[in-house]
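Protein chains: 2
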Amino acid sequence: MADTVLFEFLHTEMVAELWAHDPDPDPGPGGQKMSLSVLEGMGFRVGQALGERLPRETLAFREELDVLKFLCKDLWVAVFQKQMDSLRTNHQGTYVLQDNSFPLLLPMASGLQYLEEAPKFLAFTCGLLRGALYTLGIESVVTASVAALPVCKFQVVIPKS
Amino acid sequence: MADTVLFEFLHTEMVAELWAHDPDPDPGPGGQKMSLSVLEGMGFRVGQALGERLPRETLAFREELDVLKFLCKDLWVAVFQKQMDSLRTNHQGTYVLQDNSFPLLLPMASGLQYLEEAPKFLAFTCGLLRGALYTLGIESVVTASVAALPVCKFQVVIPKS
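Going line by line, the protein sequences match chains Y and Z. Numbering of the first sequence is given in my numbering, commencing with residue 4 and proceeding in unit increments. Numbering of the second sequence is given in my numbering, commencing with residue 4 and proceeding in unit increments.
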């Protein structure tokens with residue numbers, strides 16, 4: 004049991020620590036949060052490393068959709084001990100992965116009052132998805148959005164080469 | 004399996020990130036590494052939180068030594084999936100906990116050449132021990148030393164009140 008909470012505690016501390024020293028606390032609507040990109044980068048490298056360790060040799064990834072299904076199942080279970088709740092696609096390179104009870108948002112109260120705090124708890128995981136995809140041979144852009152806590156949607160866009 | 008490596012990957016990234024932005028890279032022999040105390044503080048808070056979650060209600064801690072044994076067994080297994088290799092004490096408030104193959108040092112090559120890099124991989128865990136002890140009602144000073152990688156000794160000193 005402690006394994007799971009260990010990751011969650013460490014993630015919480017990491018977010019708190021980065022925000023405590025963020026030199027750009029109020030960048031405005033068009034601004035960039037340096038801490039968000041730092042977290043995303045850490046997630047990317049952890050995702051790359053995890054992608055190499057997951058038991059993908061047992062699977063044949065013939066299509067992009069198979070890779071996304073693998074992330075929703077194996078990666079999510081490895082990190083969060085649960086599967087993603089749904090996966091939708093427009094069959095043109097855009098995928099929406101929905102977690103109805105995203106563990107890193109659960110410590111926050113449900114509802115709308117902490118919604119503006121949500122992005123800092125999503126950046127690491129966006130990077131994690133992007134990093135795992137990169138290891139599996141797919142370059143992507145991953146963003147996340149929250150309409151109501153703790154439901155979270157990750158959008159993966161894979162540009163056509 | 005991924006749980007364990009997840010914590011280790013995240014710890015590695017955290018150390019790398021803190022060192023990338025450390026404003027005090029070469030403090031000299033008497034200097035303080037801000038990043039070390041940041042890591043120690045993060046470890047302390049994670050240790051506090053873990054200490055509250057570990058199944059200590061099944062144990063009766065009548066003596067200080069029992070608490071230390073609990074850390075060597077339950078806490079270490081929860082975090083590193085192994086027990087501490089030895090515990091020694093002078094029966095006057097000083098305890099030496101030895102891990103002959105400390106997981107967070109294993110990625111480094113064995114031997115002496117990376118010895119000076121070791122402290123940054125120990126600070127978080129020193130804090131973790133201090134935080135767990137604090138939750139269990141004991142204030143302490145925890146330091147770590149490495150004579151040869153990957154063997155690591157943690158010294159816990161509990162001042163007599």
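We put the CB at the ideal spot given by N, CA and C, even for glycine. None of these values were measured; they are calculated from a predicted model.
Using a 10 angstroms sphere on the CB of threonine 128/Y, the tally of other CB atoms reaches 16 or more, which defines it as buried.
Taking C-beta atoms as the reference points, phenylalanine 64/Z and leucine 139/Z count as a pair closer than 8 Å. Fully contained in the stretch 65 to 151 of chain Y are the following alpha helix (DSSP H) runs of length 4 or more, in chain order: 67 to 73, 79 to 83, 126 to 138. Separation of proline 162/Z and valine 145/Z (C-alpha to C-alpha, rounded to the nearest whole angstrom) is 11 Å. In this structure leucine 53/Z touches leucine 9/Y by the C-beta definition: roughly 7 Å separates them, less than 8 Å.
In this structure, leucine 108/Y places its C-beta atom within 8 Å of the C-beta atom of alanine 121/Y.
When the alpha-carbon of methionine 87/Z is set against those of Val18/Z, Leu132/Z, Met111/Z, Ala19/Z, the nearest one is in Leu132/Z. Counting the other CB atoms within 10 Å of its CB gives serine 38/Z a total of 16 or more, which places it among the buried residues. Boundaries of the alpha helix (DSSP H) harbouring valine 41/Y: 37 to 56, taken from the DSSP string. The three-state secondary structure of valine 8/Z, taken from DSSP, is helix.
Counting other Cβ atoms within 10 Å of its Cβ, glutamate 55/Z stays below 16 and is therefore classed as exposed. Within the stretch 46 to 73 of chain Z, the residues whose Cβ lies closer than 8 Å to some Cβ of chain Y are Arg48, Val49, Ala52, Leu53, Arg56, Leu57, listed in chain order.
Residue pairing of valine 160/Z in beta bridges, as defined by DSSP: Thr97/Z, Val144/Z. Take the alpha-carbon of serine 104/Y and the one of glycine 46/Y: they are about 20 Å apart. The CB of methionine 17/Y comes closer than 7 Å to the CB of Met17 in chain Z, given here in chain order. Residue environment for alanine 150/Y: exposed (fewer than 16 other C-beta atoms within 10 angstroms of its C-beta).
Shown in chain order are the members of the stretch 100 to 128 of chain Y whose Cβ falls below 9 Å from a Cβ of chain Z: Phe127.
Contact note: glutamate 20/Y reaches chain Z through Val41, Met45, using a C-beta cutoff of 7 Å and chain order. With the criterion set as a beta carbon lying under 7 Å from some beta carbon of chain Z, the stretch 132 to 155 of chain Y has no members that meet it. Spatial neighbours of alanine 81/Z in its own chain (CB-CB distance under 7 Å, excluding positions within 5 residues in sequence) are listed in chain order as Leu53, Leu57.
By the rule that beta-carbons nearer than 8 Å mark a contact, phenylalanine 12/Y touches chain Z. Neighbours of leucine 90/Z across chain Y, judged by C-beta separation under 8 Å, do not exist; the nearest C-beta is about 20 Å away. The closest CA to that of serine 164/Y, considering only Gln51/Y, Glu20/Y, Phe73/Y, Gln95/Y, is found on Gln95/Y. Taking every protein chain shown into account, the CB of lysine 85/Y has fewer than 16 other CB atoms within 10 angstroms, so this residue is exposed. Its chain contains Leu68, Leu71, Tyr98, Val99 as the residues whose beta carbon lies nearer than 8 Å to that of threonine 92/Z, once the 5 sequence neighbours on both sides are disregarded; these appear in chain order. Distances from the CA of alanine 23/Y to each of Gly44/Z, Thr7/Z, Ala19/Z, Thr15/Z were compared; the closest alpha carbon is that of Gly44/Z.
With a threshold of 8 Å between beta carbons, valine 8/Z makes contact with chain Y.
Apart from sequence neighbours up to five positions away, the residues of its chain that approach valine 49/Y with a beta-carbon distance below 7 Å are Leu131, Gly134, ordered along the chain. With a 10 Å radius around the Cβ and a threshold of 16 neighbouring Cβ atoms, alanine 19/Y comes out exposed.
Taking leucine 21/Z as the centre and dropping the five residues before and after it, the same chain places the C-beta of Ser38, Val41, Leu42 closer than 7 Å to its C-beta, in chain order. At least one CB of chain Y lies nearer than 8 Å to the CB of valine 82/Z.
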